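Colleague: Handing you this structure, nothing more for now.
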Amino acid sequence: MLIKLKKFVIRAINWKSRNGMVILRFSLGIIFIWFGILKFFPNVSVAEDIAGRTISKITFGLVNKQYSMPFLALWECAIGVGLITGRKMVYVLFILYLQMVGTFLPLILFSSECWTSVSFAPTLLGQYIIKNVVLVSSAIVIGATANGGVLISNPMVAIKALRLQSMEDKKN
């Protein structure tokens, strides 16, 4: 019984190693497309108001919500499509990181709306923004494999790979 359980666990680890990155890319891509599509329709996205005000503020009022929301919608959908297709990931992740910088700006620009009077206690809007740390973290993991990096499920192979990596790092 214990041997069967161990074999099952090993198979599950191998499956996650083979498929996890694709699942992560697809799920992140779907989220970007979904939230991007919402921004094409006025007053549908809960982020529309804060996103529009943020863009207006960083462009010194030159770009209003009427123009910024369709652009932001297209931007997010492009990120999502890029993640799902897995093509040109270096560029896709670059525009994702740029977009994420923009999503964190309200924490500073509109701090009274993002934080309660208690230090480090975010409002619901602040929580909505802060959860983007998970999206950035996912993008970092995806980026680690975008240029040939891989997940290694076998612990012995992983140990050997780490040794080789540290030898390579010492050379450079």
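In terms of our numbering, the sequence shown opens at residue 1012 and continues consecutively.
Where a beta carbon is used, it is the ideal one built from N, C-alpha and C, also for glycine.
Nothing here was measured: the structure is a model prediction, and the numbers come from that model.
Return the CA-CA distance between serine 1012 and arginine 1029, expressed in angstroms with no decimal places.
Modeller: As a first step, residue 1012 must be located in the sequence shown, where it is residue number 1. As a first step, residue 1029 must be located in the sequence shown, where it is residue number 18. Sequence check: residue 1012 is methionine here, not serine. Roughly 26 angstroms separates the two Cα atoms.
Colleague: Among residues of its own chain, excluding the 5 on either side of threonine 1114, which ones have a beta-carbon nearer than 7 angstroms to its beta-carbon?
Modeller: The sequence position of residue 1114 within the sequence shown is 103, counting from 1. The residues are Ile1140 and Asn1143.
Colleague: Name the two residues that bound the continuous alpha helix (DSSP H) containing alanine 1155.
Modeller: Working through the sequence shown from its first residue, we reach residue 1155 at position 144. Residues 1143-1157.
Colleague: Please determine, among Lys1171, Ala1150 and Asp1180, the residue with the shortest C-alpha to C-alpha distance to methionine 1100.
Modeller: Locating residue 1100 in the sequence shown gives position 89, where the first residue counts as 1. That would be Ala1150, whose Cα lies nearest to the Cα of methionine 1100.
Colleague: Please state if the CB of glycine 1159 and the CB of leucine 1094 are separated by a distance shorter than 8 angstroms.
Modeller: Position 83 of the sequence shown, counted from the first residue, corresponds to residue 1094. Position 148 of the sequence shown, counted from the first residue, corresponds to residue 1159. Not a contact, by the Cβ cut-off of 8 angstroms.
Colleague: Would you list the one or two residues that DSSP bridges to proline 1133?
Modeller: Residue mapping note: residue 1133 aligns to position 122 of the sequence shown, counting from 1. For proline 1133, which the question treats as bridged, DSSP gives the partners Trp1126.
Colleague: I need the DSSP call for arginine 1098, collapsed to helix, strand or coil.
Modeller: By 1-based counting over the sequence shown, the position of residue 1098 is 87. Looking at arginine 1098 - three-state DSSP - the assignment turns out to be coil, as it is neither helix nor strand.
Colleague: Please identify the residue among Ile1061, Leu1073 and Arg1098 whose C-alpha is closest to the C-alpha of isoleucine 1119.
Modeller: Here residue 1119 corresponds to residue number 108 of the sequence shown, with the count starting at 1. Comparing Cα positions, the closest option is Ile1061.
Colleague: Does DSSP classify phenylalanine 1071 as helix, strand or coil?
Modeller: The count along the sequence shown starts at 1 and reaches residue 1071 at position 60. Three-state result, phenylalanine 1071: coil.
Colleague: Can you tell me whether tryptophan 1086 is buried or exposed, with buried defined as 16 or more other CB within 10 angstroms of its CB?
Modeller: Taking the first residue of the sequence shown as position 1, residue 1086 is located at position 75. With 16 or more other Cβ atoms within 10 Å, it is buried.
Colleague: Looking only at C-alpha atoms, which of Arg1022, Phe1019, Pro1117 and Arg1174 sits nearest to glycine 1137?
Modeller: Taking the first residue of the sequence shown as 1, we reach residue 1137 at position 126. The shortest C-alpha separation from glycine 1137 is found at Pro1117.
Colleague: Could you check how far apart the C-beta atoms of isoleucine 1034 and alanine 1084 are, in whole angstroms? I think they sit under 8 angstroms.
Modeller: If you number the sequence shown from 1, residue 1034 lands on position 23. If you number the sequence shown from 1, residue 1084 lands on position 73. The Cβ separation is near 25 angstroms, so there is no contact.
Colleague: Ignore the nearest five residues each way along the sequence and tell me which others in phenylalanine 1190's own chain have a CB closer than 6 angstroms to its CB.
Modeller: Nothing can be reported for residue 1190: it is not among the residues displayed for the chain, which extend from 1012 to 1183.
Colleague: Over what stretch of residues does the alpha helix (DSSP H) that includes phenylalanine 1043 continue unbroken?
Modeller: Stepping through the sequence shown from its first residue, residue 1043 is reached at position 32. Note, phenylalanine 1043: alpha helix (DSSP H), 1013-1050.
Colleague: For the alpha helix (DSSP H) that isoleucine 1170 lies in, which residues bound it at each end?
Modeller: The residue you call residue 1170 lines up with position 159 of the sequence shown. Isoleucine 1170 -> alpha helix (DSSP H) spans 1166-1182.
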